[in-house]
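A.B. asks: Got a structure for you, written out below as C-alpha cells; questions coming shortly.
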Amino acid sequence: MIASVLPTISPGTLLAGGVTATAASLWLLLPRGQSGAAERTSRWLGTLLGLAALACFVATGHRLGGLGEEAVFLIVSLVAVISGAATVVTRSPVYSAIWFAMALAGVAGVLLVLGAQFLGVATIVVYAGAILVMFLFVLMLAAPAGLAPYDRVSNEPLLSAVAGAVLLGILSLSIGRLTAEPPLCCRMPSKTAAIAGNAAADPVPAASEAGVDLLIENHVARLGGELFGRHLLAVEVAGVLLLVALIGSIAIVSRAASADGTVAPARRAVP
Amino acid sequence: MQDIAPSTLLVLVPLLPLVAAILTVALGRTLGSRAHLPAIAGIAASAAVAITLLVGMAREVGVGGSGHDQPARPVEMVTTLWEWASVPDAQAAGVATATNLSIPVALRLDPLTSTLLVIITCVGLLVAVYSIGYMHGDPGYPRFFVLVSMFVFSMTMLVAASNFLLVYVFWEAVGACSYLLIGFWFTKPEAAKAAKKAFLVNRVGDFGLAVATFLLWMTYGTLNFHDTVLADGTTMPGILGVTRLADASGYVGGVVGTAICLLLLLAACGKSAQLPLHVWLPDAMEGPTPASALIHAATMVTAGIYLVARSAPLFVACPGALTMVSIVGATTALVAALIGTVQNDLKRVLAYSTISQLGYMFASLGTGTLLGFTAAIFHLVTHAFFKALLFLGAGSVMHSMGGVIDMRRFGGLRRIMPITAATFLIGSLALAGVAPFAGFFSKDEILASLHSRGWPDAHGEHHEAVPAGGHALTAGSFHLVSVTPDAGQLAGGGRGSQLDSLNHPSTWRLLFWMSLVTAGLTAFYTFRAVFMTFTGPTRVPEEAGRHSHGAAGSAAHESPPVMTIPLVILAVASAMSGWLLFNSHALATFLAATPSFTAPSVASTATPPAFHWDLAIQGSLAAAAGIVVAALGHLGKRSDGPQMERFLGPLETLFANRFYFDQIYAGLIVKPLEFVATLSAVIDRYLIDGTVDLVARLPFALGAVVRHLQSGLVQRYALAGVIGMLLIVLALVARAMG
Amino acid sequence: MTPAPLVLDGLVVGAILFSLGLVGILARRNLIVMFLCAELMLQGISVSLVAWSRHHGDWGGHVLVIFVLTVAACEAAVALVFVLQAFARTGRLDSAAWQSLRESNLPRTVDHELPAVDVLPLKFPKLTPAGVEPSVDQDALLEREHV
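Going line by line, the protein sequences match chains A, B and C.
For the first sequence, counting from 1, position 214 maps to 624 in my numbering; every step adds exactly one.
For the second sequence, counting from 1, position 12 maps to 161 in my numbering; every step adds exactly one.
For the third sequence, counting from 1, position 7 maps to 193 in my numbering; every step adds exactly one.
So, in C-alpha cells, the structure goes:
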C-alpha cells in the first residue's frame, strides 16, 4: 500500500532512508539526560522518525497485496516492533517491562501467522506468564523510589543507535538480496542453492510450498515427535541446564546472604 | 738447619710475613699496643731464613774461591708450588706449535733473588723495629704492622717469583701496599690525595708491564723464567732459562724486542719513579716516615731495578732500548738532583735524592755490561742501607720536632739529638760518595761502567753493538732525545732500529758527564740538609713539646733507643758495606752467577775487577765541590736565613716548581681528561639517558591516550565489540558486493 | 523461485527486533532493562528461526526456538539473582556502578550532566495510619479528590 504511493523510489534508497531514520529516531528517543521541553520535542520527533523508518522498512519488505494473512502479519509485526522500540526507550523500567509484554504479544502473533502456533502460545505462556512476572517481581524488590538518575541517561546513545541501525541495514540488505542473488558472504553450499532459485530441477523448492502446509497440519503432535525423536538428547541437556540454573541461583543467593552476615555461617553439604 | 731443604726455606721467606699479617689482622685488637709482635717475629724469622739462603747460595756459587777467571755458571733453584692456571693448546704467534700456557706458582732462588731477599727482609725488620717507637700510640698501630708485613710478603714474592705473570701479580700487590701505606693517615686530605696520585701514576707503569707480558707470551710462548720439562719429556725453554741463555740467538731483537724492553722500562719507571712517572714519589712522603723509609727509599722503588736486571738478556738484545734505559736514568738523576737542591722539606730532599739515586742505577743498568748490572745491584744494596738510615734519621728528627719537617724551622739539632745527628751524617757521607763510605764504592762502579761505554778503548773492551747504526749524529741531537725520553718511549715500539742508533760512544760520554755533575749536586743538597738541620744556632719549633709535657721546645729530646738502635745498625752498614763488598769482590762474583747475567752477551763483557783511580778522583772531587759549596752557604748559619738559591735567579723558580712536571701533567692529561669526562657525563645524562627516557615515555604517552578506553564500563566494551563485529561484516559485504 | 509467503517479512521483523534489543543492551543503564532488551533480541532470533523453518519446511527452527525459550528461562533465573545481588551491594540497578575493571589510575566515570529532576517522584496512595482517629479538618476532607 505504502509502496504503491512511492513507486519511484528505489529499494536501496528506501533502505538507506530507513536505516538513517532508525538511527536518528532511536537516538532521539533514548534517554539522554534531557528534561522538559527538549525531551518532549525529541520524543515527538523520534516517534515521527521511527514511524517513517517503519514505513521505509515496510515498503522495502514485501509488497503487501491485500488483507487476509498478510494484513494480519503487518498489524502484529507493527505491534511487536513498536512495542519493542518502546521497551528500549521508555525511561521507567516498569513501563519498559510492560512494553516488553506488549512486544511479546506481537511476537506471538507473528509466530502464529508464520505457522508456529505452539511457539506463539508458548511464548505467551513462558515469557509473559513466567519470565516477565519474575522481572516485575525483581523490579518491585529492587527499584528505588522515583526515577533513578541512571534511567534518565544512556551509555553512548548516539554510537549505540548508529550501531544498531547499521546492523539492521546490513541484515535488511542481506534479506533483500535473498530474492535476487545471495551475497558471497552467506553463500552456503546446499541451502543457498535452494534460496537462490537457480536450480529449477531441485526438488526442494517444490517442497517449500508444500512445507508450509506440512508444518500446519497436525502441528503440535509432529513438533513433539520431532522434539522427542531427533532432538531427544538436546531436550535432556536442556532439562539438565534448567536444573543447574535452578540450583545455581539458589546457591548464589544463599552464599551471598551468608557473606552479608544476615544468615547463619556457611552451610555444609549434608554427607 | 741442614735437614731442611732449601726449597722449604725459600717458601718460608714470604710465608712468615704473610702469617704474621694474618695473625695481626686476627689478633690486632687483642694485642693492642703489642700488635707489633707478630710482624717483628715474622719478619725477623724471614730475615734469618733469607740470610741462611744467602749463605747457602754463596757457598754454592763459590764466592771467595778462585772463580774469577772462568765464566760463571748459572745457579738457580726453582720450586713449583702448584699450578695456578693452565690453558691447553694456546697458540702464540712467535712459536710454531701450540703450547700449553701454564702459569705455575714457582719460586726461584738465585744470587740476585737471594741478595734482594736479604735486603728486603733486613731493612723491613729494622724499619719494623723502628716503627715500634715511631708509631707508638697511633690509632692504626696494628694496621700499620699488617701493612708492613703484607708489604714484605709481596716484595719477597715479587723478587722470588719465577714467572712474568706472577711478577705482575705481586707488582700490583706491592703497589696496593704502597697505596695503603701512603694513605695510612687517610683522614689527612693530602695523604689521601698522595696515595691516589701514587696509585694512578703507577697504573701507567703497570699498563706497560701488562702489555709487555702479553708481548712476551706472543713472542716466546711461555712466561716462565725457568726451563720447564713438559709431560712428553721435552724441555720448554723459559724466557730466562738456562737453555735459552745458552742460545746465542735466543732473544728477539728488532721492533718487537725493543717494544718489549721499552714497555718493561715504562713499568720500571712507574715503580722506581723515573723521569716521566716520578711525580708520585715526593708526594708519597705524606705517609708515615718508616713507610717512606721502607717502601719509597729502600725496597719497593728497587722493583724497577730488579725487573730490568732480571730481564737483562732481553735488553742486551736491543741496544737501543738499553741506551734508552741509561738516558732515562741519567736524565732523571740530574733533574731530580737539581730539584733536590732547593727543597726545604727534609723528607722531600730525601725523596728527590732517592729518585736521583735510582736514576743512577738505571744509568748503570743501561750500559748492558756485567759491570753495569752488578754495579746497579751493588748501589741498590748500599743505597738501601744509607737511604733507610737517612729516612729513619729524618723520621727521628720529625718525631722529636713534633711532626715538623721544614728545615727552615729548626737548626743546631746535633746538641739535642746527638745519635741521630751522627748517624745522619754517616748516611749523608755515604750518599754523597765520600771515600770510605758505602756510596763511594758503588757510585764509582757506576761511573766506571758508564765510562767504559763512553771510552771503550780506555778499558780495553770491545762491544760488538757499538758501531751498529753508522749514523753520524751530532751530540746536540742526542741531547734533544735525552731530554724527551717519554716521547721516544711512546713511539719507541715503531722505531726500534732508529733507537739503536743512539747506542754511540758520544751518547755515553754525555751520560757520563751528566752523572758526574749529579754526583756533585748530590753531595751539595745532602750536606745542605745536614747543615741546615744539625748545625747553626739551636732552634726548635714550638710544636715539638706538644705531644709531651713541658713548655714548648723544652721537651725536644733524642728519640728512644728502639728508634736509635736501628739507626746505629744502619749507620754501621752504610759505613762498612761498600768497602767490604767491593774489596772482596764478593757481590760482583756472586751476582755474576745469576742466570740472567750468564747470557753470553752479558757474560762476555765481564772485566777483571779493578779500582779506577781516575774515576774515583773525579767522583770525589765532584762530591767535595758539592760539600764545600754547601758548607759555604749553610754551615753554622740560621737555616731560615738567606739561602744559596738566591744565586740561581730564574732557575730557582724552575727547580722549586719541580720543572713544572705536575703542572704539565695537569695541563696535558688531567684537564683534557676532565673535559672529556664532563662531556661524557653531559652526553650520558642528557643524550643517552634522554633517548632511553624518550623510548620509555613513548609507550607511556601512547598508553595515556589508549588508557581511557579502559573505563571499566562493560557496556562500552560491548559497544566496542559490536562496532568491531559490524566493521568486519561491512568489510565482508563490501567485498561480496564487489 | 520466490520464497514462501511472509518469510522475508518475518526475517525483517526478526532483524528489527534484534537490532532494537542490541541498542537497548548497549545504551540502557538499568540492569533489568538491559535484560529485557536481551530477551527482545532472543525474540528477534525466534522470529527469524521460525521464518527460516517456514522457508525450509522442516522443524529445525521450531525446535531451536523451544531451546531458546529454555535458555532464556535459565538466563533470566540466574541473571536476576545476579541483579539482586548487585542491587544489594550498591543499592542501585546501575550497570555503571561496576567499574573495577578500569585502569587503576583512571578516575571513576560519573555522570556529570545529570538532569535536574523535573519529574516528581511517583506518588503512591497511602493508607492513613491506624490507631486513634486523627483530628481531621472537615473542610479539607471535602476538598479531597480521592477518598
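Ideal Cβ positions, reconstructed from N, Cα and C, are used throughout, including at glycine.
Since the model is a prediction, treat every value here as computed from it, not as a measurement.
Please name the residue in A:M544, A:L521, A:F467, A:A481 whose C-alpha comes closest to that of L222 of chain C.
C.D. replies: On the third sequence, residue 222 of chain C is found 36 positions in, with the first residue counted as 1. Of the listed residues, the one whose Cα sits closest to L222 of chain C is A:M544.
A.B. asks: Could you say which of C:F253, C:D280, C:A224 lies nearest to G494 of chain A if we only look at CA atoms?
C.D. replies: Sequence index remark: in the first sequence, residue 494 of chain A carries index 84 (1-based). It is C:A224 whose Cα lies nearest to the Cα of G494 of chain A.
A.B. asks: Return helix, strand or coil for T667 of chain B, following the three-state DSSP convention.
C.D. replies: Translated into positions along the second sequence, residue 667 of chain B becomes position 518. T667 of chain B: helix per DSSP, three-state reduction.
A.B. asks: Check the DSSP bridge columns for L256 of chain B and list the partner residues they point to.
C.D. replies: If you number the second sequence from 1, residue 256 of chain B lands on position 107. Answer is B:T228, B:A310.
A.B. asks: DSSP on A239 of chain B, reduced to helix/strand/coil?
C.D. replies: One-based indexing of the second sequence puts residue 239 of chain B at position 90. Strand at A239 of chain B.
A.B. asks: Quick check: what's the CA-CA separation for S769 of chain B versus M434 of chain B?
C.D. replies: Translated into the one-based positions of the second sequence, residue 769 of chain B becomes position 620. Translated into the one-based positions of the second sequence, residue 434 of chain B becomes position 285. The alpha-carbon atoms of S769 of chain B and M434 of chain B are separated by roughly 30 Å.
A.B. asks: Around the Cβ of V224 of chain B, are there at least 16 other Cβ atoms within 10 angstroms (buried) or fewer (exposed)?
C.D. replies: If you number the second sequence from 1, residue 224 of chain B lands on position 75. Buried is the call here.
A.B. asks: From which residue to which residue does the alpha helix (DSSP H) around R846 of chain B run?
C.D. replies: Reading the second sequence from its first residue, position 697 is the one you call residue 846 of chain B. Its alpha helix (DSSP H) spans residues 838-855.
A.B. asks: Which residues in the same chain have their Cβ closer than 7 Å to the Cβ of W233 of chain B, if we skip the five residues on either side of it in sequence?
C.D. replies: Numbered from its first residue, the second sequence carries residue 233 of chain B at position 84. Hits under 7 Å: I252, P253, V254.
A.B. asks: Anything in chain B within Cβ reach of E261 of chain C, meaning under 8 Å, just list it in chain order.
C.D. replies: Mapped onto the third sequence, residue 261 of chain C falls at position 75. What E261 of chain C touches in chain B: nothing, since even the nearest Cβ is about 16 Å away.
A.B. asks: Pick helix, strand or coil for W762 of chain B, following the three-state DSSP scheme.
C.D. replies: Looking up residue 762 of chain B in the second sequence gives position 613. Reduced to three states, the DSSP call for W762 of chain B is helix.
A.B. asks: With a 10 Å radius around its C-beta and 16 neighbouring C-beta atoms as the bar for buried, classify T523 of chain B as buried or exposed.
C.D. replies: For the purposes of this step, residue 523 of chain B is taken as the residue at position 374 of the second sequence. Buried, by the Cβ-count rule.
A.B. asks: For the alpha helix (DSSP H) containing N732 of chain B, list its first residue and its last residue.
C.D. replies: If you number the second sequence from 1, residue 732 of chain B lands on position 583. Following the DSSP letters along the chain, one finds N732 of chain B inside the alpha helix (DSSP H) bounded by residues 710-733.
A.B. asks: Applying a beta-carbon distance threshold of less than 9 Å, which residues of chain A neighbour V854 of chain B?
C.D. replies: Within the second sequence, residue 854 of chain B is the residue found at index 705, counting from 1. Near V854 of chain B there are no residues of chain A at all, since even the closest Cβ is about 19 Å away, more than 9 Å.
A.B. asks: Select from B:N312, B:A570, B:W334, B:G387 the residue whose C-alpha is nearest the C-alpha of L358 of chain B.
C.D. replies: Stepping through the second sequence from its first residue, residue 358 of chain B is reached at position 209. Closest by alpha carbon: B:N312.
A.B. asks: Answer with buried or exposed for I657 of chain A, where buried requires no fewer than 16 other C-beta atoms within 10 angstroms of its C-beta.
C.D. replies: The residue you call residue 657 of chain A lines up with position 247 of the first sequence. With fewer than 16 other Cβ atoms within 10 Å, it is exposed.
A.B. asks: Quick check: R562 of chain A and R632 of chain A, are their CB atoms within less than 9 Å of each other?
C.D. replies: What you label residue 562 of chain A is simply residue 152 of the first sequence in a count that begins at 1. What you label residue 632 of chain A is simply residue 222 of the first sequence in a count that begins at 1. Contact: no.
A.B. asks: Residues of chain C with CB closer than 9 Å to the CB of A850 of chain B, please, in chain order.
C.D. replies: Within the second sequence, residue 850 of chain B is the residue found at index 701, counting from 1. Within chain C, no residue comes near A850 of chain B; the closest Cβ sits about 14 Å away, beyond 9 Å.
A.B. asks: State the DSSP-derived secondary structure class of V499 of chain A, mapped to helix, strand or coil.
C.D. replies: Taking the first sequence and counting its residues from 1, the one referred to as residue 499 of chain A is at position 89. Here V499 of chain A sits in helix by DSSP.
A.B. asks: Using beta carbons (cut-off 9 Å, strictly below), is D280 of chain C in contact with chain A?
C.D. replies: Within the third sequence, the letter at position 94 stands for residue 280 of chain C. Yes, because at least one Cβ of chain A sits closer than 9 Å to the Cβ of D280 of chain C.
A.B. asks: How many Å lie between V663 of chain A and F483 of chain A at the Cα?
C.D. replies: On the first sequence, position 253 is the one that residue 663 of chain A refers to. On the first sequence, position 73 is the one that residue 483 of chain A refers to. Straight-line Cα distance between these residues: approximately 43 Å.
A.B. asks: For S860 of chain B, would you say it is in contact with chain C, using Cβ-to-Cβ distances shorter than 9 Å as the test?
C.D. replies: If you number the second sequence from 1, residue 860 of chain B lands on position 711. Chain C, which has a Cβ nearer than 9 Å to the Cβ of S860 of chain B, makes this yes.
A.B. asks: Check S601 of chain B in the structure and name its three-state DSSP category.
C.D. replies: Taking the second sequence and counting its residues from 1, the one referred to as residue 601 of chain B is at position 452. Looking at S601 of chain B - three-state DSSP - the assignment turns out to be helix.
A.B. asks: In the structure shown, what three-state DSSP assignment does V378 of chain B receive?
C.D. replies: For the purposes of this step, residue 378 of chain B is identified with residue 229 of the second sequence, where counting begins at 1. Of the three classes helix, strand and coil, the one that applies to V378 of chain B here is strand, per DSSP.
A.B. asks: Quick one, which of B:T362, B:I269, B:S598, B:S280 has its alpha-carbon nearest A184 of chain B's?
C.D. replies: For the purposes of this step, residue 184 of chain B is taken as residue 35 along the second sequence, with counting starting at 1. Nearest option by C-alpha distance: B:S280.
A.B. asks: With C-beta atoms as the reference, is F676 of chain B less than 9 Å away from I776 of chain B?
C.D. replies: Residue mapping note: residue 676 of chain B aligns to position 527 of the second sequence, counting from 1. Residue mapping note: residue 776 of chain B aligns to position 627 of the second sequence, counting from 1. Yes.
A.B. asks: Which residues, taken in chain order from the segment 861-877 of chain B, show a beta carbon closer than 8 Å to some beta carbon of chain A?
C.D. replies: L862, Q864, R865, L868, V871, I872, L875
A.B. asks: Just tell me which of B:T371, B:S655, B:Q864 has its CA closest to the CA of L217 of chain C.
C.D. replies: The residue given as residue 217 of chain C occupies position 31 in the third sequence. Among B:T371, B:S655, B:Q864, the Cα nearest to that of L217 of chain C belongs to B:Q864.
A.B. asks: Report yes if the CB atom of W238 of chain C is closer than 9 Å to the CB atom of L637 of chain A, and no otherwise.
C.D. replies: For the purposes of this step, residue 238 of chain C is identified with residue 52 of the third sequence, where counting begins at 1. For the purposes of this step, residue 637 of chain A is identified with residue 227 of the first sequence, where counting begins at 1. Not a contact, by the Cβ cut-off of 9 Å.
A.B. asks: Verify the CB distance criterion: does G196 of chain C have a CB-CB separation below 9 Å to chain B?
C.D. replies: Locating residue 196 of chain C in the third sequence gives position 10, counting from the first residue. For G196 of chain C, the answer is no, since every Cβ of chain B falls outside 9 Å of its Cβ.
A.B. asks: Using a Cβ-Cβ cut-off of 8 Å (strictly less than) and excluding sequence neighbours within five positions of I595 of chain B, which residues of its own chain qualify?
C.D. replies: Within the second sequence, numbered from 1, the residue matching residue 595 of chain B stands at position 446. Excluding positions up to five away in sequence, the list reads Y509, M510, A512, S513, G521, A524, A525, H528, S664.
A.B. asks: What residues of chain C sit near Y560 of chain A, judged by a beta carbon separation below 7 Å?
C.D. replies: Within the first sequence, residue 560 of chain A is the residue found at index 150, counting from 1. In chain order: R215, N216, R278, D280, A282.
A.B. asks: Any C-beta of chain A sitting closer than 9 Å to the C-beta of G210 of chain C?
C.D. replies: Taking the first residue of the third sequence as position 1, residue 210 of chain C is located at position 24. At a cut-off of 9 Å between C-beta atoms, G210 of chain C counts as an interface residue with respect to chain A.
A.B. asks: Using the rule of at least 16 other Cβ atoms within 10 Å of the residue's Cβ for burial, across every protein chain shown, is S321 of chain C buried or exposed?
C.D. replies: Position 135 of the third sequence, counting from 1, holds the residue named residue 321 of chain C. S321 of chain C is exposed by the Cβ-count criterion.
A.B. asks: Quick check on the DSSP output: the alpha helix (DSSP H) that includes P749 of chain B runs from which residue to which?
C.D. replies: On the second sequence, residue 749 of chain B is found 600 positions in, with the first residue counted as 1. Here the alpha helix (DSSP H) through P749 of chain B covers 749-752.
A.B. asks: Using only CA atoms, which one of B:V825, B:D842, B:G324, B:A722 lies nearest to M449 of chain B?
C.D. replies: The sequence position of residue 449 of chain B within the second sequence is 300, counting from 1. Selected option, being the one with the closest Cα: B:G324.
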